[in-house]
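The sequence shown runs 1092 to 1135 under the numbering used here.
Single-structure report; data block below.
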Amino acid sequence: MGLVKGAYIEVVRKAPLGDPMEFLVKGYNLSLRKEECDNVYVST
């Protein structure tokens, strides 16, 4: 999916109830449900 170590991830939009969320990853849009987002770990 492009979610690899070092990938830049930007939040594009979030649905009114927070599910799903849309992200910009490596030049393409990726939508994930909240339960899927809970399994993604991001560090800064």
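Using N, Cα and C, we set each Cβ at its ideal position, and we do this for glycine too.
>> Considering Cα atoms alone, identify which of Gly1118, Phe1114, Tyr1119 is closest to Val1131.
In response: Indexing the sequence shown from 1 puts residue 1131 at position 40. Closest option to Val1131, Cα to Cα, is Phe1114.
> Cβ of Val1133 within 7 Å of any heavy atom in the ligand SAH?
Replying inline: Absent from the structure shown: the ligand SAH. Ligands present: none.
>> Give me the residue from Asp1129, Lys1125, Val1133 with the minimum Cα distance to Pro1107.
In response: In the sequence shown, residue 1107 corresponds to position 16, counting from 1. Nearest option by C-alpha distance: Lys1125.
>> Suppose the cutoff is 6 Å on Cβ atoms and the five residues either side in sequence are ignored; what does the same chain contact list for Asn1120 look like?
In response: Here residue 1120 refers to the residue found at position 29 when the sequence shown is read from its first residue. Taken in chain order, the residues that qualify are Glu1113.
> Tell me the DSSP bridge mates of Val1116?
Replying inline: Taking the sequence shown and counting its residues from 1, the one referred to as residue 1116 is at position 25. Val1116 is bridged to Ile1100, Tyr1119.
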